[in-house]
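Its first residue numbered 114, the sequence shown is counted upward by one per residue in the numbering used here. In this text, a Cβ means the ideal position worked out from N, Cα and C, and glycines have one as well.
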Amino acid sequence: MLNNLSSIKEELQGQQRKIKKELEQIAKKSGRNGNRYEPKFPEYGRAEDENADEVAAFVDAVSMGENLKGSLEKVELALQKITRNQYGLCEICGKKIGKKRIKILPTARYCLSCKINKN
Numbered sequence: 114m115l116n117n118l119s120s121i122k123e124e125l126q127g128q129q130r131k132i133k134k135e136l137e138q139i140a141k142k143s144g145r146n147g148n149r150y151e152p153k154f155p156e157y158g159r160a161e162d163e164n165a166d167e168v169a170a171f172v173d174a175v176s177m178g179e180n181l182k183g184s185l186e187k188v189e190l191a192l193q194k195i196t197r198n199q200y201g202l203c204e205i206c207g208k209k210i211g212k213k214r215i216k217i218l219p220t221a222r223y224c225l226s227c228k229i230n231k232n
């Protein structure tokens, strides 16, 4: 599992870099530690139709930013679990999450049984 764990960690770190890069294109860092992201408001010009485009782009950026922040939180939680030797354990029952599930969803927090019962 150690070899597999290091490859999972590399994959998660790659996802983390990719998500941060995508976030930085549509949002600016904020907060004391720069760990929060606020959507950037685009500036296309002063014409009325340009203003409408700016608002539409901003609404899209807010939605996309929320999705990316959620994904980043999941990836960072999985990386923290690796550091604390808790990766791959279900947060509800404490049993190991199946290898197939981890392979498909490296950020999985629950075993399949608990996930089904949770929903």
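Item	Value
Bridge-paired residues (DSSP) for A191	A191 pairs with nothing; no bridge assigned.
Exposure of C203, with buried meaning 16 or more beta-carbon neighbours within 10 Å	buried
Contacts around K231, its chain only, beta-carbon distance under 8 Å, and the 5 residues preceding and following it disregarded	I205 and Y223
I121 versus D173 - alpha carbon distance	31 Å
A191 versus G207, L225 and A221, residue with shortest Cα-Cα distance	A221
Between the CA atoms of I195 and G183 - distance to the nearest angstrom	19 Å
Under 8 Å between C-beta atoms of L136 and L185	yes
Paired residues, beta bridge with K209 - DSSP	L202
Three-state secondary structure (DSSP) of A169	helix
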